[in-house]
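Working notes for the structure below.
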Amino acid sequence: MELRHIRYLLAVADHGNFTRAAESLHISQPTLSQQIKQLERHLGVALLDRSGRTVRLTDAGEAYAQHARLALRDLDAGERAIHDVQDLSRGHLRVAMTPTFTAYLIGPLIHRFRAAHPGITLTVRETTQDRIESDLLADRLDLGIAFAGSHTAGVEHRALFTEQLSLVVGSGHPFAKSGPLPVERVPTTPLGLLSSDFATRGHIDRYFDDHAVVPDIAVEANSISALLEFVRRGTLATVLPDALTREHADLHPVPLDPPLPSRPVELLRRHSAYHSAAARAFFAVATDLTQGY
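In structure tokens:
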């Protein structure tokens, strides 16, 4: 048995079809079928159920594939460890973050990291916190940036900074020159808020619920840049991180009284996994950059 036998089996399991699996592997279908049969003879058990329109793993195949995926994940990590260059002259890093960080954090962070380590290439993704943690465990990511809270077993977290939220208005809004605003006055102005699939929106909703305030939500959007345009061009207010509004002179954060609860931000990685020199350098750059946040 060789590694290719395992990769071929998993390809058929993922595609549910020998033809599509063979195309993805760039081999012929007869060759793929022959290699799978060799693996089944070696193990002495049928791994695939070929009787239906879709090829499926048998019960034995399911059990074997589960361990095979873990083994390949660790082997891939081992290859990266071998090729990891401690002087950071080359390497690759896979990073993901929840959506609000793309509006103010990831740009400066990647710029500073690339300036310090130009030989490291990066793959950067924006996704949900649940997906970040599952991808870390599956070794599809090296690092994630998300909020503190209950994490999936096997995910390690390191503190970065604390994010503070405020009401945000444009220069022409009546609240632009006000001091701390009693939360009871929030319903007097229409709001534009992130849609409910954002973790930030849940944080905002809980705050208003805790203070028995029903805000006037005029617009919901799944884009922070769209919200910023609505606020700077009209009478809408929104709720966003203070670190974001500091980058825009025409936006004004208005502290609420009582203040919105702050949120610790963390860097996530898989516990007990190999952490490359590039990953360690990224954490050092992120820690240094966010000291003033």
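Position 263 of the sequence shown, counted from 1, bears residue number 266 in the working numbering, the numbering being contiguous throughout. Note that CB positions come from ideal geometry on N, CA and C, so glycine has one too.
Cα separation between Thr191 and Asp219? Whole-angstrom Cα-Cα distance: 8 Å.
How far does the beta strand (DSSP E) with Ile220 in it reach, from first residue to last? 219 to 224
CB-CB under 7 Å to Glu223, same chain, minus the five flanking residues each way: which ones, in chain order? Correct list, in chain order: Leu196, Ser198.
Beta-carbon within less than 8 Å of His251's beta-carbon, same chain only, minus the 5 sequence neighbours each way: which residues are those? Leu231, Arg235
If contact is defined by three or more beta carbon pairs under 8 Å, each pair taking one atom from either stretch, is the stretch 259 to 275 in contact with the stretch 138 to 157? Judged by Cβ distances under 8 Å, the stretch 138 to 157 makes contact with the stretch 259 to 275, as three or more pairs qualify.
Within 10 angstroms of its Cβ, does Gln38 collect 16 or more other Cβ (buried), or is it exposed? buried
In angstroms with no decimal places, state the Cα-to-Cα distance between Lys180 and Leu263. 19 Å
Could you tell me how far apart the beta carbons of Val186 and Ala240 are, in whole angstroms, since I believe they sit closer than 8 Å? Val186 to Ala240, Cβ: 13 Å. No contact.
Can you tell which of Leu139, Leu46, Phe21, Ala25 has its C-alpha closest to the C-alpha of Ala99? Leu139
Expressed to the nearest angstrom, what Euclidean distance is found between the alpha-carbon atoms of Arg53 and Arg10? 18 Å
Rounded distance between the beta-carbons of Glu136 and Pro102, thought under 8 Å: With a Cβ gap of about 16 Å, Pro102 and Glu136 do not count as contacting.
Report, in whole angstroms, the separation of the C-beta atoms of Leu91 and Ala280, which I expect to be a contact under 8 Å. 6 Å
To the nearest angstrom, report how far apart Phe104 and Gly47 are at their CA atoms. 51 Å
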